[in-house]
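Each residue of the sequence shown is one higher than the last, beginning at 1 in this note's numbering. Since the structure comes first, as structure tokens, the remarks are kept for the end.
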Amino acid sequence: MQLKKILISLVLLLAVSVAAWLGASIYVGRSATALITKIAAKAGQDTAIRMVEVDHKQGLFSSSGQFEIRLNDVAVDAKSGKQLFALQVNYNLEHLLLPSSSMRFNWAVKPAGQSGTEFNRLFGSEIKLQGQGKLAYGGKALSTLKLPELAMKQGKELFHLSPSSGNIAWGEKTLALDWKTERISSRGAGHALDIQGLSFTGDIQNRERGLGALQLSINKLSTKEATAETIGVQVASAEAGGKLELKIIPKIANLTVAGQKLSDLLLEFVVKGLDIESVDTLSAISTDSNDFRNLTADEQSRASGALQNLVAKGFSVGLPQINAKMGTGSIKGDFLLEVSKPAGTTAAQFSFAQSVKANGKLEAQGRIIDNTQKRLALMLGIATETREGLRANFQFANGTLRANGKNHDVRDNLAYFDERINAALYPKK
């Protein structure tokens, strides 16, 4: 009798568990429907990228649907009223709860509209980016990315993209992406481009502000004029104390152009100290005003206020590293420009002389230039001679420019800069 009660209890517990499991799965499906509806409403007419024509079909444990992504900058066909180019997204969701995920999905994106039809005709097949993934219980979504080989020949124009693949993951604020393809080739009348071994990775910690790291790598790039090997571009942006820092570092291991061979090329670009709230304001206005081309009076006022705040709080722009080698010679240098409002000043207008400091240098060592070029540089005062080669340098502070050991009168130039900068900071109403 006791065993019977235990078995009945176990059956009831199992039934309740299954019911809860199925009920939770149905709830997840309804939550997915609500989320899609919310996203579609948010990406409406007032956004640069719109999600329209949403057709979502919900089942108990699976759903499917489609929608279009349209860009406001794309022209509209006068007859149909539809954009010439859009993206059609088709998806399938499985929201039966499993130990590893709350949802599985697959999706496909293809071009739509008149231009989309033309793309498919040119490539001889339907262009489709697709993937499959899952939604983890912590809210993080992961998906594969896959694009088939694309090849086109039209007259003398040739284009080829080898099959490419990658992965994408996103959370509430984050986005991680990796993408790679073996080869991209484009050839035609007067041009030739061949890219081998291209890969891209991204690790964005704040999607709204674009904070994080990106890296582009290319094994080899060839054109009709030049060949470059082992190319890399690193981009990193971060926020600290309400200030934005941006760093961009392009590198090329070997470059052959115009019969000259260069190696170890590096250019580090750094921006520090930008007031991030002002940057946010300018970014939002840029999006709404078509890159500042069509500003309302209110937007112009807010943009001017943000620019004034950027200048008042100060920032710096620099090239900490400028490096290149050619044969037994080399070039190295650096540059720094700092903008800051002088302490204690009450002036409403910007003064280049009072607010800007800058310095930089460029050194050429070894046989980086021939004797004719060297004599010309010395004669024009562009550089001074050193034991190792040539050196050019300058310092600007308190309205005084000193270059290669000589002072230069730049008062007229400063007056021009002040006029142009103040026109942007304090536009006439």
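Virtual Cβ for every residue (Gly too), placed ideally from N, Cα, C.
Same chain, Cβ closer than 8 angstroms to residue i, neighbours up to 5 away in sequence not counted
i      : result
His408 : Leu401, Arg402
Glu225 : Val257, Ala258
Ala189 : Lys156, Glu157
Asn92  : Ser62, Ser63, Ser64, Phe105, Asn106, Trp107
Residues near residue i by beta carbon distance below 6 angstroms, same chain, minus five either side
i      : result
Val233 : Leu216, Pro250
Trp179 : Gly166, Phe200
His160 : Ala151, Ser185
Leu262 : Leu255, Ala324, Met326
Leu193 : Ser186, Thr223
Ile252 : Ala228, Ile231, Leu265
Simplified DSSP state of residue i, which is helix, strand or coil
i      : result
Asp370 : coil
Arg121 : helix
Gly197 : strand
Arg375 : helix
Gln349 : coil
Asn309 : helix
Ala303 : helix
Leu380 : helix
Ser237 : strand
First through last residue of the alpha helix (DSSP H) which encompasses residue i
i      : result
Thr296 : Element bounds for Thr296: n/a, residue is neither H nor E.
Asn413 : 411 to 425
Leu282 : 276 to 288
Whole-angstrom distance between residue j and residue i, CA atom to CA atom
i      : j      : result
Leu362 : Lys272 : 22 angstroms
Gly59  : Leu122 : 38 angstroms
Gly113 : Ser289 : 26 angstroms
Arg50  : Glu229 : 40 angstroms
Leu135 : Ser143 : 9 angstroms
Ala377 : Ala383 : 6 angstroms
Glu338 : Gly314 : 8 angstroms
Leu425 : Gly171 : 38 angstroms
Gln349 : Ser301 : 16 angstroms
Gln395 : Thr372 : 27 angstroms
Ala364 : Val270 : 23 angstroms
Ala141 : Ala169 : 5 angstroms
Proximal residues to residue i (C-beta, below 7 angstroms), its chain only, five neighbours per side dropped
i      : result
Val89  : Gln66, Phe67, Ile69, Trp107, Val109
Arg367 : Gly327, Thr328, Gly329
Lys374 : Leu390
Leu22  : Any reading at Leu22 is ruled out, since the residue's pLDDT is 40, under 50, leaving its predicted position unreliable.
Ala238 : Leu211, Glu245
Asp418 : Phe350, Ser351, Phe352
Boundaries of the beta strand (DSSP E) in which residue i is found, first to last residue
i      : result
Pro388 : First, the residue type needs correcting, since residue 388 is Glu and not Pro in the sequence shown. Careful: Glu388 lies outside any beta strand (DSSP E) and carries neither H nor E.
Ile168 : 164 to 170
Gln66  : 62 to 71
Ser222 : 211 to 223
Leu87  : 86 to 94
Neighbour flag for residue i against chain B, beta carbons, 8 angstroms
i      : result
Gln349 : Note that chain B does not occur in the displayed structure, where there is just one protein chain.
Cβ pair count under 8 angstroms reaching 3, the stretch 288 to 296 against the stretch 350 to 357: Between the stretch 288 to 296 and the stretch 350 to 357, the count of Cβ pairs shorter than 8 angstroms is below three; the stretches do not touch.
Meets three-Cβ-pair contact criterion under 8 angstroms: the stretch 300 to 317 and the stretch 252 to 264: no
Any 3 or more C-beta pairs closer than 8 angstroms across the stretch 319 to 335 and the stretch 277 to 284: no
Given 8 angstroms, three or more beta-carbon pairs between the stretch 167 to 187 and the stretch 199 to 214: yes
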